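Just below is one structure, and these are the notes that go with it.
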Amino acid sequence: MNTRIKVFRDAGLLAHSGALHSLYVSAFCVPPWNEDEARAAEFVGRLVSNVRRLGFTAALAFAGEESLGFATAGTTLAPFPTGRCYPQAAAGLGPERTVDWLCGARAIDELAVRPAAQGTGLPADLLEAVTEDAPGGRSWLLTSVQSSRAMSFYRSQGWTQATHPSPDGNGSAVFLSPRHPARHLAAQPL
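Mapping to UniProt numbering: the sequence shown position 30 is 30, numbers consecutive.
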């Protein structure tokens, strides 16, 4: 498969909203995520403001005209966000580490690929495309502990799990990128 990845740092990404919606549905409206069309529409709606966010970076992968996957990211501002799953991250790290490790770092918001592109190296390429120029190598993300595939993928890419919610619960785990200076300080599971 001849794949090209285009990086966006502005509203030019919005010209691909239909493809992003389709990719989101194919990746997240299935187990273990089980999201619905409303969440996909919400994601595309958030992009309108996210493209103006400090440090916004997105990568969109194509094979010819077909979109295969995307990743979006942006700088985590202080005070630390309180929406979505962010409170779980803050609770798991504590206030000092949350500010020191995550604020000012590049947060990966979403990473999605079509099922046919999984296992091809494309997810790793998309992740690298949105983190390669992260300030001081500081990138992080949250993922659900219910997705053993996602948890394994991030570990295989050298990301360090920094929080350890119960694997049989509904929690989200914080991962620090391979170049994040605090990755060696992250607590290991008991």
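Even glycine gets a Cβ: it sits at the ideal position worked out from N, Cα and C. Since this is a predicted model, take the numbers as computed values, not measurements.
Asked	Found
Alpha-carbon spacing of proline 115 relative to leucine 47, whole angstroms	23 angstroms
Alpha carbon of valine 7 to alpha carbon of proline 123, nearest angstrom	14 angstroms
Assigned secondary structure, arginine 179 (DSSP; H/G/I helix, E/B strand, else coil)	coil
Cutoff 8 angstroms; reference asparagine 50; Cβ partners in own chain excluding five residues on either side	Phe56, Thr72, Gly74, Asp109
Own chain residues within Cβ distance below 6 angstroms of valine 130, not counting five before or after	Thr57, Ala59, Ala71, Ala73
Short Cβ contact (9 angstroms threshold) for alanine 11 with valine 25	no
Secondary structure of glutamate 132, DSSP reduced to three states	coil
Three or more C-beta pairs below 8 angstroms linking the stretch 79-95 and the stretch 149-161	no
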